[in-house]
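What follows is a single structure, written as structure tokens, with notes after it.
In my numbering, the protein residues as written are 1413 to 1522.
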């Protein structure tokens, strides 16, 4: 199973962590792509995806059912935080455990 397949059958990271990033990544700024209306200011220099600023977290852009089938409604516009999150890392396994999913472990083939 590829990383994309694992992630599209999971979504735990999008419903566990705060997805924060530099405010200049929003489409309100030149070169930004993340739709600003889906974000909330966290600090003067950082924003977060709506829904991830509180517990329980669930990104407003997440569509589907955790652990079964999910997708990101803004995938090509997502922040660097999302682009850099890696499957099979301790952080991934932590989010999966929070939703009752088995860990993938480091080194899962892509």
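Don't be surprised by glycine CBs; every beta carbon is placed ideally from N, CA and C.
Bear in mind that the values here come from a model prediction, so they are computed numbers and not experimental data.
Using only the alpha-carbon positions, how far apart do residue 1520 and residue 1460 sit? With a pLDDT of 49 at residue 1520, under the threshold of 50, the predicted position of this residue should be treated as unreliable, though the coordinate-derived value follows. Approximately 28 Å between the Cα atoms of the pair.
How is residue 1508 classed by DSSP in three states: helix, strand or coil? helix
Compare the Cα-Cα distances from residue 1468 to each of 1482, 1511, 1515 and 1503 and report the closest residue. 1511
Are the region 1488 to 1506 and the region 1418 to 1433 touching by the rule of at least three beta carbon pairs closer than 8 Å? yes
Along the beta strand (DSSP E) that carries residue 1495, what are the first and last residues, could you check? No beta strand (DSSP E) holds residue 1495; the alpha helix (DSSP H) holding it covers 1492 to 1496.
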